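Read through the structure below, which is laid out as structure tokens, and then see the notes.
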Amino acid sequence: MTLPRDFNDRMLSLGLARVSEAAAHASARLIGRGDEKAADQAAVNAMRDQLNMLDIKGVVVIGEGERDEAPMLYIGEEVGNGNGPEVDIALDPLEGTTLTAKDMPNALTVIAMAPRNTLLHAPDVYMDKLAIGPGYPVDVVSLEMSPAERVRALARARGCQDSDITVCILERPRHEDMIDEVRQTGAAIRLITDGDVAGVIHTAEAELTGIDMYMGSGGAPEGVLAASALKCMGGQMWGRLLFRNDDEKGRAKSAGITDLDRIYARDDLVTADVIFAATGVTNGSIVAGVKREPGYLQTETILMRSKTGSVRRMIYRNPVK
Numbered sequence: 371m372t373l374p375r376d377f378n379d380r381m382l383s384l385g386l387a388r389v390s391e392a393a394a395h396a397s398a399r400l401i402g403r404g405d406e407k408a409a410d411q412a413a414v415n416a417m418r419d420q421l422n423m424l425d426i427k428g429v430v431v432i433g434e435g436e437r438d439e440a441p442m443l444y445i446g447e448e449v450g451n452g453n454g455p456e457v458d459i460a461l462d463p464l465e466g467t468t469l470t471a472k473d474m475p476n477a478l479t480v481i482a483m484a485p486r487n488t489l490l491h492a493p494d495v496y497m498d499k500l501a502i503g504p505g506y507p508v509d510v511v512s513l514e515m516s517p518a519e520r521v522r523a524l525a526r527a528r529g530c531q532d533s534d535i536t537v538c539i540l541e542r543p544r545h546e547d548m549i550d551e552v553r554q555t556g557a558a559i560r561l562i563t564d565g566d567v568a569g570v571i572h573t574a575e576a577e578l579t580g581i582d583m584y585m586g587s588g589g590a591p592e593g594v595l596a597a598s599a600l601k602c603m604g605g606q607m608w609g610r611l612l613f614r615n616d617d618e619k620g621r622a623k624s625a626g627i628t629d630l631d632r633i634y635a636r637d638d639l640v641t642a643d644v645i646f647a648a649t650g651v652t653n654g655s656i657v658a659g660v661k662r663e664p665g666y667l668q669t670e671t672i673l674m675r676s677k678t679g680s681v682r683r684m685i686y687r688n689p690v691k
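Just so you know, we're using the working numbering here: the sequence shown kicks off at 371 and counts up by one.
What follows is the structure, encoded as structure tokens:
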């Protein structure tokens, strides 16, 4: 009998970068073409092919949906060649399908990997999210605070005025009251149309992105991916599952979640060391999008390891026919 191998994040990280790069290359030809489904499917196919080349015994815990909803990269699908460590995989082959179809900023291909049973098996429901970057006291802000209280608390911790804080919020009707309350503090808001994984990551590089805090509700699976990135880069994050009906509560219970009101901190969402890779599809504030040159495609990938706190940016120039 072959014993399970250790999770060697250093050796696996470059392979993970190749996975996200392949998905970005595949979806690049569909940028601005107005076909969200085709762009997403191209990324899914490429990501799955590359995953199955890795020396891992992987299980998709955050994927394209339940088995009866997604033919590939569905939740519970086994990936890898079976010859390596047992790992959890969280992925979004194309974070921002609408952004890609419309050639708008911040479309990414995103994937995270951690030892088996260490990533929260988040059901496909909404999650109330709050995130800030590194360098602040623990729990300086919280989900129990009102939006205005969060702004004031963060400003005090930074030693600045409320008006010096910039908050990133997903532009949705459900956030109108939150947006109004934040603006009443004098804080600035950067509204994003899609891609809240990128929105959360922005807080970890506030000096580059200008984003101090992220708040609002979005997909719970994306919350786990965002927490994986923040665990590598530093920063704090909290999430609480939101349910609109009994069916969604049933999905959570099926995923093994018993406390439906629990507030998850970053290290509850990702309980062990994790590696994270994201490749730009369209230009964004985190990484550059795919660039076409005669005979080449060029991508930029951010590759991170929580064990060391390393953040590596890589340019990949790949010949194409």
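C-beta: ideal position from N, C-alpha, C; glycine also.
No experiment lies behind these values; they were computed from the predicted model shown.
Query	Result
Residue-chain proximity (D410, chain B), Cβ-Cβ < 8 Å	Structure shown: chain B not included; a single protein chain is present.
With 16 other Cβ atoms within 10 Å as the buried cut-off, status of L373	Caution applies to L373, whose pLDDT of 38 falls short of 50 and renders its modelled position unreliable; the value that the coordinates give is listed next. Looking at its Cβ environment, which holds fewer than 16 other Cβ atoms inside 10 Å, L373 is exposed.
Per-residue burial, Q554 [other beta carbons within 10 Å of its own, 16 or more giving buried]	exposed
Rounded C-alpha distance that separates D472 from R520	Position check: residue 472 holds Lys in this sequence, whereas Asp was assumed. Distance between the alpha carbons of K472 and R520 is about 33 Å.
Spatially closest choice to D617 from P455, M423 and Y496, by CA coordinates	Y496
Terminal residues of the alpha helix (DSSP H) in which N688 lies	No alpha helix (DSSP H) contains N688, which is instead part of the beta strand (DSSP E) from S680 to P689.
Classification of E546 by the beta-carbon crowding that lies within 10 angstroms, buried from 16 upward	exposed
Distance between H572 and T671 (C-alpha atoms, nearest Å)	15 Å
For L373, the three-state DSSP class (helix, strand or coil)	With a pLDDT of only 38 at L373, under 50, the local geometry of the prediction cannot be trusted, and the value read off the model is given with reservation. Residue state, collapsed to three classes: coil.
Beta-carbon spacing of A412, A396 below 8 Å	yes
Validate contact between the segment 650 to 665 and the segment 585 to 597 using beta carbons, cut 8 Å, 3 pairs	no
Coil, strand or helix - D637 by DSSP	helix
Three-pair Cβ contact test at 8 Å for the segment 627 to 634 versus the segment 643 to 652	no
Delimiting residues of the alpha helix (DSSP H) encompassing K720	The chain is shown only over 371 to 691; residue 720 falls outside these bounds and no answer can be derived.
Cβ pair I432, L595 closer than 8 Å	yes
Identity of the residue in A597, D498 and A518 nearest L612 by Cα	D498
With 16 other Cβ atoms within 10 Å as the buried cut-off, status of T678	exposed
Range covered by the beta strand (DSSP E) that runs through K661	K661 to E663
Contact check, D410 vs N453, beta carbons under 8 Å	no
Selection from E434, G450 and L540 that minimises the alpha carbon distance to Y444	E434
Own chain, CB closer than 8 Å to A622, minus 5 neighbours either side, in chain order	P493, V495, L611, F613 and L630
Cβ distance (whole Å) where I401 is taken to contact T470 below 8 Å	6 Å
Beta-ladder partner(s) of C538, from DSSP	R560 and Y584
Buried or exposed by the 16-neighbour rule on C-beta atoms within 10 Å, applied to S383	buried
Beta bridge counterpart(s) of E670 as assigned by DSSP	I685
Where the beta strand (DSSP E) containing I696 begins and where it ends	With the chain covering 371 to 691 only, the question about residue 696 has no answer from this structure.
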